[in-house]
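Participant: Per my numbering, the sequence shown runs over residues 447 to 1190. Can you read through this structure? Questions will come right after.
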Amino acid sequence: MKRSLILASLALLCCIFPTEAKKKATEPAPVPEKKIVVIPVETENTQLILHANVYGSLRTVHYGQKITDVEQFTNFYLHTSGKRYGSALLTYPTVGGVNVGTTEALHVKYANGDHNTELFYAGHKQTQKANVTVTEVCLRDTITDLQIKLVYEAYAKEDVIVCHSEITNGGKKAVELINYASSALQLKANKYLLTHFHGSWAEEMTVENELLGRDVKVIETRIGASATKYNNPAFMISLDTEEFSENKGEVIAGALAWSGNFKLAFEKDYRGDLNIVSGINPHASTYQLKAGESFVTPDMIYTFSCKGAGQASRNLHSWGRNYGIYGGGKINPTLLNSWEGAYFNFTTSTLTGMIDNAAAMGLEMFVLDDGWFGNGKYARNDDHAGLGDWELNTEKLPEGIDYIANYAHEKGLKFGIWIEPEMVNPNSNLANQHPDWVIQSPGRENYQSRQQWILDLSNPAVQDFVFGVFDRTMQLSDKIDYIKWDCNRMIHSFGSTYLKDQDRLYIEYVQGFYKVLQRIRAKYPDTLIQCCSSGGSRVEYGQLAYFNEVWTSDNSDALSRVKIQYGTSLIYPPFIMGAHVSAVPNHQTKLVTPLKFRFDVACAGRLGLELQPKDFTEKERVLVDRCIASYEKYRDLIFQGDLYRLVSPYEDSERYALMYVSADKSRAVVFAYSLGYHHGEKTFKIRLDGLDGARKYKVEELNVDKSCWKGSGASYTGDFLMYSGILPVQEYTYDSAVFYLEAE
Ligand code: GLA
C-alpha cells in the first residue's frame, strides 16, 4: 500500500476524542482493527515512525533520518510484534498487563483499586498548517474509559518534533494519575552516550557525558521552584558511539518545557533498547482526574541530527528563535546592570552617574537591580527585609523611579528594573498581612532561604498579587522597558493553606506562574523580561515562552562563564544568555582576568556590564568603548545567525573556540580563548565551520592594534578557513581574540 493510501484509510479511524469518547463512556472498548497502521511524523530531514500492529499495540520503530517509502514499516519485524503482548518499543508504556519491566509513561489507579492500563491504538489524524504538521494519535484502555491522545507537532524547517500527551478520564468515577509523562521515546542502537547538565548556584549547566549501561538512569528535580538549579530538564543522546562529537554521528536532543519538578528516565533494557520517559516529576503529585476531566502534560521538544551535536543545537536554536522563545529573533539591548556595581548601596545620584557612564560607553539600557523598595523597618537595604513590599524606598530614591527612567531615556538609554514577585521576607508588611499566602506546612517550622519564604502561586489571590507587583511596577513610570524577574529560592516546607489536595501544589504552582505570565504578556506584549533565578536556576523552555532572555548565572567570572555558556548553548540559543563584564577580583571566584578576556567572553552572548563604570581607568575605557562599539558590528549574528562550536572547553587542550555565521553565509564572527598556559605550542589552530567553501572572506581581528594572527586583514576562501584554518598565537592563560569575517 502506498503511503497516501495508508493515510487515507487511516482517516476513517480518525480521532474519536474527546466528544465521542464521553458518549461512549459506558460502552465496551472497540475491537482493534485487524491491520497494521504506520504513522509517519516528519520534518524536512527527520522522521519518527509509529507502528500499530494488528492487535493495536503502538510502538515507536524509528526516529532518525528520513526514509522515503514508509510502507516498508508495515513489515517491520519485532519479536513481540506477532502478539499483542510485550513492552518492547511501546510508544507510551503503561503500568499493567504484561508490562512489569519497562519504565512507564502512565500509571493510573482506578476507583476499584485496579492499577492496570493496557492501551491500544484507536485512530489518528494529521493536519498541516504552513511549516507545522500536527499528528494526534488516540489510544484507549482495553476495559476502562481512559483515553490518551498523543500529540506531535512537527516543525519542518527546524527538524524539531514537539510532543505531549492528553489524558482523559471518560469514565464515571475519578481516577488517580500516579505517573503521567509527556512522552516516551524508544531507540534501538548498540550504544547510547548520554549528555546531561548538572550544577549548582554559580556553576550551572555543567556538562557530563556518560555511556548508559543497563538499568535506569534518572535525572530529576524535586525542589519545586528554581527547578534547574541542580539539573536541567534536557539531554543529548549520541547513538552508537562513546564519544561526543560536534559534527559527526547521530544525535537526539530533548528538552522538557516545564518550570517545576521534572523527571527524565533513561532505561536501557535487557534487549539493549533505550526507553526515555520525560515529564512532570510525579513526586508527591498524584493527580486526581475526575470523571470527564483531561490532563494536558507539558511539551517535550526533540530534534534529531545525523551531523553531530552541533546541528542538534542549531535545530533547537532555530526552533527557539522562531517558535519557543518570547520575542525570539529580535535583538535585545546591551545594558549596564546595577547589582555588582552598587548592590544595595545607592542613591539617585549613584544611579544617574551610572546612567551617564553607560550612555558614554555606548550601551543601550540601564537596569536598576535589587534594593529600590521597602520603607522604614522593612527598607530593602540588604536581603533581610522588604521582599513583598513593592513600594518605592523614598529615603534612597526621593525623586522616584520615573525621574530615573526619564533620565535614562533622555540620555538615549532604555530603562529596566528588578522584581522578585513570588517571594516574601518574614520582615515585611506582606508577611504580616497575609501569612496564609506563604507556602508552608502548618505546625512545622517554615524554613527560610536567603531570609525569605515563597508565596503560594496555586492560590488565585496570590496570582493576582504577583500580577499586581508587575503591573504596579510598570506604573511607576511609562519609561520602563525591561523587567528583571528574579526567583531566589526553592520550595521547602511544602504545603498550601489554599489547596484542599496537597498533591496539587507542585503542579499548580507552575500553572499559577504561567497564568500570571499570560496575563502579563496580554497587557505588556512589548516589555522585555529577563528570567533570573539566582542566576540560571530557571533555564528551560517552559518559561521561555514568556521571557525574552535569562540571567545565565550569578557567576560573572569570565573563566567560569566559558563552561556555563558552552553548556547552555548545547540546548538553548546563545542570544538568550545575559553575559556581563564584571569587576576584578571577581566577586564570586576572586579570580583576576584581563578586561579583554572578560569582554570577549561576554560578547559571545547578550552583552552587558555589571560593575561601577566610574572605576575604569582611562586606559581601560578605551578598550571598553572599542569592544562595545565593535559588538554592534556582529551582534545580529549572535541573535539571528547559526552557532558552530569549534573547540570544546572540556577538551584537554585548554582552549575554546566558537563562531556564528549569518544565514546567507556572508558574514561570521569567531571567538577564540586560551584557558591555560601553552608554552610548547603557542598557536591555536582553529578550523572554521559553516562557511561557503567557494566564497572569499576578509578576516579581521577586532579590538586590537596588532593581531595575534599574522593572517588577519587578508582574504581567504571558505574552504581554506574550514579545512586548513586560522592560527592565532594564544600562549598565555586568558589570551583571547575576536575575528570578524565578511564575504567579498
Ligand atoms: C539574585 C540575582 C542577582 C541579583 C540579586 C539581587 O542573586 O541572581 O543577579 O539580582 O539576586 O538580590
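Just so it is clear, CB atoms sit at the ideal spot from N, CA and C, and this is done for glycine as well.
Could you round the C-beta distance between residue 904 and residue 942 to whole angstroms and report it? I think they count as a contact, below 8 Å.
Facilitator: So it is a contact: roughly 5 Å between Cβ atoms.
Participant: Cβ of residue 691 within 7 Å of any heavy atom in the ligand GLA?
Facilitator: Every heavy atom of the ligand GLA is 7 Å or more from the Cβ of residue 691, so no.
Participant: With 8 Å as the threshold, decide whether the Cβ of residue 636 is near any Cβ in chain C.
Facilitator: Given the protein chain composition of this structure (a single chain), no chain C is represented.
Participant: In angstroms with no decimal places, state the Cα-to-Cα distance between residue 1117 and residue 1159.
Facilitator: So the alpha carbons of these two residues sit roughly 16 Å apart.
Participant: For residue 1052, which residues of its own chain have a beta-carbon under 7 Å away from its beta-carbon, when the five flanking residues on both sides are left out?
Facilitator: The residues are 778, 995, 1021, 1023, 1024 and 1025.
Participant: Does the beta-carbon of residue 891 have 16 or more other beta-carbons within 10 angstroms, so that it is buried, or is it exposed?
Facilitator: Exposed, since its Cβ has fewer than 16 Cβ neighbours within 10 Å.
Participant: Report yes if the C-beta of residue 980 is less than 7 Å from at least one heavy atom of the ligand GLA; otherwise report no.
Facilitator: Under cutoff, so the answer is yes.
Participant: Which residues bound the beta strand (DSSP E) around residue 1008?
Facilitator: No beta strand (DSSP E) holds residue 1008; the alpha helix (DSSP H) holding it covers 1004-1017.
Participant: Along the alpha helix (DSSP H) that carries residue 1078, what are the first and last residues, could you check?
Facilitator: Taken as a continuous stretch (DSSP letters only), the alpha helix (DSSP H) holding residue 1078 covers 1064-1086.
Participant: Where does the unbroken beta strand (DSSP E) through residue 601 begin, and where does it stop?
Facilitator: Residues 592-601.
Participant: State yes or no: is the C-beta of residue 870 within less than 8 Å of the C-beta of residue 901?
Facilitator: A contact, by the Cβ cut-off of 8 Å.
Participant: Helix, strand or coil for residue 488, going by three-state DSSP, please let me know.
Facilitator: Of the three classes helix, strand and coil, the one that applies to residue 488 here is strand, per DSSP.
Participant: At the level of alpha carbons, what is the spacing between residue 468 and residue 946?
Facilitator: Note on residue 468: pLDDT 39, under 50, position unreliable in the model; the coordinate value appears next. Roughly 27 Å between the two C-alpha positions.
Participant: Considering residue 961, what are the terminal residues of the beta strand (DSSP E) in which it resides?
Facilitator: Careful: residue 961 lies outside any beta strand (DSSP E), inside the alpha helix (DSSP H) at 951-969.
Participant: Is residue 1039 closer than 8 Å to residue 1004 when the C-beta atoms are compared?
Facilitator: Yes, the pair counts as a contact, with Cβ atoms nearer than the cut-off.
Participant: Exposed or buried, which one is residue 1169 when buried takes at least 16 other CB atoms within 10 Å?
Facilitator: That one is exposed.
Participant: I want to check one thing, is the minimum distance from the CB of residue 934 to the heavy atoms of the ligand GLA below 7 Å?
Facilitator: Yes, the Cβ of residue 934 comes within 7 Å of a heavy atom of the ligand GLA.
Participant: Any heavy atom of the ligand GLA within a distance shorter than 7 Å of the CB on residue 997?
Facilitator: Under cutoff, so the answer is yes.
Participant: Relative to the alpha-carbon of residue 505, which residue among 537, 930, 703 and 516 has its alpha-carbon at the smallest distance?
Facilitator: It is 537 whose Cα lies nearest to the Cα of residue 505.
Participant: If I follow the unbroken alpha helix (DSSP H) through residue 920, where does it start and stop?
Facilitator: That run of the alpha helix (DSSP H) goes 906-921.
Participant: Spatial neighbours of residue 1119 within its chain, please: CB distance less than 6 Å, with the 5 preceding and 5 following residues excluded, ordered by chain position.
Facilitator: Excluding positions up to five away in sequence, the list reads 1102 and 1182.
Participant: Using the rule of at least 16 other Cβ atoms within 10 Å of the residue's Cβ for burial, across every protein chain shown, is residue 613 buried or exposed?
Facilitator: By the neighbour-count rule (16 or more Cβ atoms within 10 Å), residue 613 is buried.
Participant: Give the range of the alpha helix (DSSP H) segment to which residue 848 is assigned.
Facilitator: Counting along the chain, the alpha helix (DSSP H) containing residue 848 begins and ends at 847-856.
Participant: Which term fits residue 560, buried or exposed, when burial requires 16 or more other beta carbons within 10 angstroms of its beta carbon?
Facilitator: It counts as exposed.
Participant: Is there contact here, the region 694-711 with the region 585-597, by at least three beta-carbon pairs under 8 Å?
Facilitator: Segments in contact, no.
Participant: Residue 641 by DSSP, collapsed to three states: which one?
Facilitator: In this structure, residue 641 counts as strand in the three-state DSSP scheme.
Participant: Helix or strand or just coil, what does DSSP make of residue 460?
Facilitator: Because residue 460 carries a pLDDT of 36, less than 50, the predicted location of this residue cannot be relied on, and the following value inherits that uncertainty. Residue state, collapsed to three classes: coil.
Participant: If you reduce the DSSP assignment to three classes, tell me which class residue 656 lands in.
Facilitator: It is a strand residue.
Participant: Figure out for me which residue from 889, 1001, 508 and 806 has the closest Cα to the Cα of residue 647.
Facilitator: Residue 1001 is the option with its Cα nearest to residue 647.
Participant: With DSSP run on the structure shown, which of helix, strand or coil describes residue 822?
Facilitator: Residue 822 falls in the helix class under three-state DSSP.
Participant: Compare the beta carbon distance of residue 1028 and residue 650 with 8 Å and say whether it is the shorter of the two.
Facilitator: No; because the gap between Cβ atoms is not below 8 Å, this pair is not in contact.
Participant: Measure how close the beta-carbons of residue 744 and residue 726 come, nearest whole angstrom, since I'm counting them as under 8 Å.
Facilitator: About 7 Å separates the two Cβ atoms, so the contact holds.
Participant: In its own chain, which residues sit with a C-beta less than 6 Å from the C-beta of residue 739, not counting the 5 before and 5 after it?
Facilitator: Contacts found: 615.
Participant: Considering only the beta carbon of each residue, do residue 805 and residue 859 sit closer than 8 Å?
Facilitator: It is a contact, given that the beta carbons lie within the stated cut-off.
Participant: Under three-state DSSP, which class holds residue 516?
Facilitator: Three-state result, residue 516: helix.
Participant: Grouping DSSP H, G and I as helix and E and B as strand, with all else coil, what is residue 1168?
Facilitator: Here residue 1168 sits in helix by DSSP.
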